[in-house]
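Structure record follows, encoded as structure tokens.
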Amino acid sequence: MEFRRVAPIAFVNQSSEAAMQPTEAPTNELLVYKQEIANGLDGGFKAWSVVLGAWCCLFCAFAVGIFQDYYMTHQLSNHSSSSIAWILSLEPFVLFASGIVIGKVFDSYGPQWLLVTGTFLHVFGLMMTSISSEYYQFVLAQATWFQERRALAFGIVSSGSSLGGVVFPIMLARLMPIVGFGWTLRISGFVVLALLLIANLMVRSRIKPIPRPFRFSDYTDPFSEPCFVLLTLSATCGFFAMFIPINYIVLEAGENGIDANLSSYLLAILNAGSLPGRILPGYFGDKLGRFNVMIAMCTFSALVLLVMWLPGTLLAPGSAAVYVVVSLLYGFASGAFVGMVPALLGQISPDITKIGVRQGVLFTCISLATLTGSPIAGAILIRQRETYWGLQVFAGVMMTSSVLFLIMARTTLVGFTLKAKV
Numbered sequence: 423m424e425f426r427r428v429a430p431i432a433f434v435n436q437s438s439e440a441a442m443q444p445t446e447a448p449t450n451e452l453l454v455y456k457q458e459i460a461n462g463l464d465g466g467f468k469a470w471s472v473v474l475g476a477w478c479c480l481f482c483a484f485a486v487g488i489f490q491d492y493y494m495t496h497q498l499s500n501h502s503s504s505s506i507a508w509i510l511s512l513e514p515f516v517l518f519a520s521g522i523v524i525g526k527v528f529d530s531y532g533p534q535w536l537l538v539t540g541t542f543l544h545v546f547g548l549m550m551t552s553i554s555s556e557y558y559q560f561v562l563a564q565a566t567w568f569q570e571r572r573a574l575a576f577g578i579v580s581s582g583s584s585l586g587g588v589v590f591p592i593m594l595a596r597l598m599p600i601v602g603f604g605w606t607l608r609i610s611g612f613v614v615l616a617l618l619l620i621a622n623l624m625v626r627s628r629i630k631p632i633p634r635p636f637r638f639s640d641y642t643d644p645f646s647e648p649c650f651v652l653l654t655l656s657a658t659c660g661f662f663a664m665f666i667p668i669n670y671i672v673l674e675a676g677e678n679g680i681d682a683n684l685s686s687y688l689l690a691i692l693n694a695g696s697l698p699g700r701i702l703p704g705y706f707g708d709k710l711g712r713f714n715v716m717i718a719m720c721t722f723s724a725l726v727l728l729v730m731w732l733p734g735t736l737l738a739p740g741s742a743a744v745y746v747v748v749s750l751l752y753g754f755a756s757g758a759f760v761g762m763v764p765a766l767l768g769q770i771s772p773d774i775t776k777i778g779v780r781q782g783v784l785f786t787c788i789s790l791a792t793l794t795g796s797p798i799a800g801a802i803l804i805r806q807r808e809t810y811w812g813l814q815v816f817a818g819v820m821m822t823s824s825v826l827f828l829i830m831a832r833t834t835l836v837g838f839t840l841k842a843k844v
């Protein structure tokens, strides 16, 4: 999962992306960047091997929503759903909040040491979780090769987490009754280690890293760009909503009498829907305009939450079909968020050599939503005496707000014209 942002620049067609290039006298860094564009951009073995390596990383970022239900019925049965949600929220929070530091490191030194460190921490975290039994232990344990086809490349990379979200929940559900919680996590750790070793071998930086002195203005300048601010607000609102169905739909289905065998597969169904939902919007975004496609997909997400999930579970709470259809459609609709936000940020970024810092700023803003979104939903659930319509409304309103901010961002680029490819 990754993202980025930039100064307001209008893009009406694909060729207009040339407008991203600054008009002032080129610096040495920009001359290097232009030469890099001429060598292997948008294709070739090196570019697609980076996509494969990044795909392996995202495959390992499997959905942990299945643990919400498991913790509530096993190790943490004496804790509320809101308290347990903090454990699941801390993982994406740390992932995104660290971006403000990691983005700078990436721009200056490239991805290699970040991958090595991340591989160790990810595997170590899974192994430590496998021996955890107390709340505090669970708390403690848990992009530049393309331009014309940028959204498609991001979509393919992000599809890794979709496929991982299909495979891992099924694997966990099958292994836990056979080998227990501890060995299930250890086996997952070994699978993750193998995939991350591939990523360490494949992922390389196209642009030679250029160490720069720390400048506080690198972190504040993006907020002077209206389009960047609006994209950040949109992504933040979207991530307030995004993980709520992922973390709560299995729990809701179980409480409403849905067969345990089926409910344990809902996350796999959701992620199966997310697989085409990450690749297809990227493909059509490059053809029809990335903002245009993102607005359509986020609108679809809001409709699934407010028009299908909310009334469906109120009117037919015991219907397995409702949960299966909602999981499948929400997975498809929300899948665009992971792959398209980085592409949108790259589109409005005038200097690709600073993309890590800009992405880090965006990630840090998003991290507040990923940290608090599910616990807020859990608190709403408790306040409403274990009825789910309140958290469903909260998720739907946040996703609708995301759509509105996206429309405003698009307007800053091309005005109110509907036919512009942007």
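For the sequence shown, the working numbering assigns the number 423 to the initial residue and increments by one for each residue that follows. Beta carbons are placed, not taken as given, at the ideal position from N, Cα and C, and that holds for glycine. Nothing here was measured: the structure is a model prediction, and the numbers come from that model.
Buried or exposed by the 16-neighbour rule on C-beta atoms within 10 Å, applied to residue i
{"i": "residue 605", "result": "exposed"}
{"i": "residue 806", "result": "exposed"}
{"i": "residue 759", "result": "buried"}
{"i": "residue 853", "result": "Any property of residue 853 remains undetermined from this structure, which presents the chain solely from 423 to 844."}
{"i": "residue 468", "result": "exposed"}
{"i": "residue 545", "result": "buried"}
{"i": "residue 672", "result": "buried"}
{"i": "residue 636", "result": "exposed"}
{"i": "residue 771", "result": "buried"}
{"i": "residue 596", "result": "exposed"}
{"i": "residue 393", "result": "Missing from the structure shown is residue 393; the chain here goes from 423 to 844 and no further."}
{"i": "residue 840", "result": "exposed"}
{"i": "residue 708", "result": "buried"}
{"i": "residue 647", "result": "buried"}
{"i": "residue 514", "result": "buried"}
{"i": "residue 706", "result": "buried"}
{"i": "residue 674", "result": "buried"}
{"i": "residue 777", "result": "buried"}
{"i": "residue 407", "result": "Because the chain spans 423 through 844 in this model, residue 407 falls outside it and cannot be assessed."}
{"i": "residue 803", "result": "buried"}
{"i": "residue 594", "result": "buried"}
{"i": "residue 619", "result": "exposed"}
{"i": "residue 844", "result": "buried"}
Contact set for residue i: own chain, Cβ-Cβ below 8 Å, skip 5 residues either direction
{"i": "residue 828", "result": "652, 653, 656, 713, 716, 717 and 720"}
{"i": "residue 601", "result": "609"}
{"i": "residue 746", "result": "684, 688 and 691"}
{"i": "residue 786", "result": "518, 519, 521 and 522"}
{"i": "residue 738", "result": "744"}
{"i": "residue 445", "result": "The predicted model places residue 445 with a pLDDT of 40, which falls under 50 and marks its position as unreliable; any figure quoted below should be read in that light. So no residue of the chain qualifies."}
From the options, residue whose alpha carbon lies closest to that of residue i
{"i": "residue 668", "options": "475, 474 and 689", "result": "689"}
{"i": "residue 784", "options": "586, 767, 822 and 602", "result": "767"}
{"i": "residue 663", "options": "808, 796, 526 and 774", "result": "796"}
{"i": "residue 813", "options": "743, 832 and 728", "result": "728"}
{"i": "residue 773", "options": "590, 755, 640 and 697", "result": "640"}
{"i": "residue 756", "options": "701, 685, 841 and 478", "result": "701"}
{"i": "residue 616", "options": "478, 526 and 753", "result": "478"}
{"i": "residue 522", "options": "508, 638, 612 and 599", "result": "638"}
{"i": "residue 505", "options": "798, 811, 831 and 674", "result": "798"}
{"i": "residue 775", "options": "530, 508, 500 and 612", "result": "530"}
{"i": "residue 754", "options": "699, 726 and 619", "result": "699"}
{"i": "residue 752", "options": "777, 734 and 726", "result": "726"}
{"i": "residue 681", "options": "809, 742 and 501", "result": "742"}
{"i": "residue 809", "options": "842, 677 and 844", "result": "677"}
{"i": "residue 697", "options": "843, 585 and 508", "result": "585"}
{"i": "residue 722", "options": "769, 826 and 811", "result": "826"}
Beta-carbon proximity of residue i to residue j, cut-off 8 Å
{"i": "residue 666", "j": "residue 801", "result": "no"}
{"i": "residue 815", "j": "residue 736", "result": "no"}
{"i": "residue 649", "j": "residue 835", "result": "yes"}
{"i": "residue 541", "j": "residue 622", "result": "yes"}
{"i": "residue 607", "j": "residue 793", "result": "no"}
{"i": "residue 740", "j": "residue 837", "result": "no"}
{"i": "residue 822", "j": "residue 724", "result": "yes"}
{"i": "residue 592", "j": "residue 670", "result": "no"}
{"i": "residue 711", "j": "residue 762", "result": "no"}
{"i": "residue 482", "j": "residue 589", "result": "no"}
Cβ shell of residue i (< 7 Å), same chain only, five flanking positions each side left out
{"i": "residue 625", "result": "472, 475, 476, 533 and 537"}
{"i": "residue 553", "result": "Note that residue 553 scores a pLDDT of 48, beneath 50, so its modelled location is shaky; the value from the coordinates is reported in the next line. Same-chain partners within the cutoff: 604."}
{"i": "residue 524", "result": "536 and 782"}
Same chain, Cβ closer than 6 Å to residue i, five either side skipped, listed in chain order
{"i": "residue 750", "result": "691 and 695"}
{"i": "residue 644", "result": "427, 650, 780 and 783"}
{"i": "residue 824", "result": "656, 659, 660 and 720"}
{"i": "residue 788", "result": "518, 657, 658 and 661"}
{"i": "residue 820", "result": "659, 662 and 663"}
{"i": "residue 599", "result": "none"}
{"i": "residue 791", "result": "658, 661 and 662"}
{"i": "residue 831", "result": "649, 652 and 653"}
{"i": "residue 730", "result": "748"}
Residue-level contact to chain B via CB, residue i, 8 Å cutoff
{"i": "residue 839", "result": "Among the chains in the structure shown there is no chain B, since it carries only a single protein chain."}
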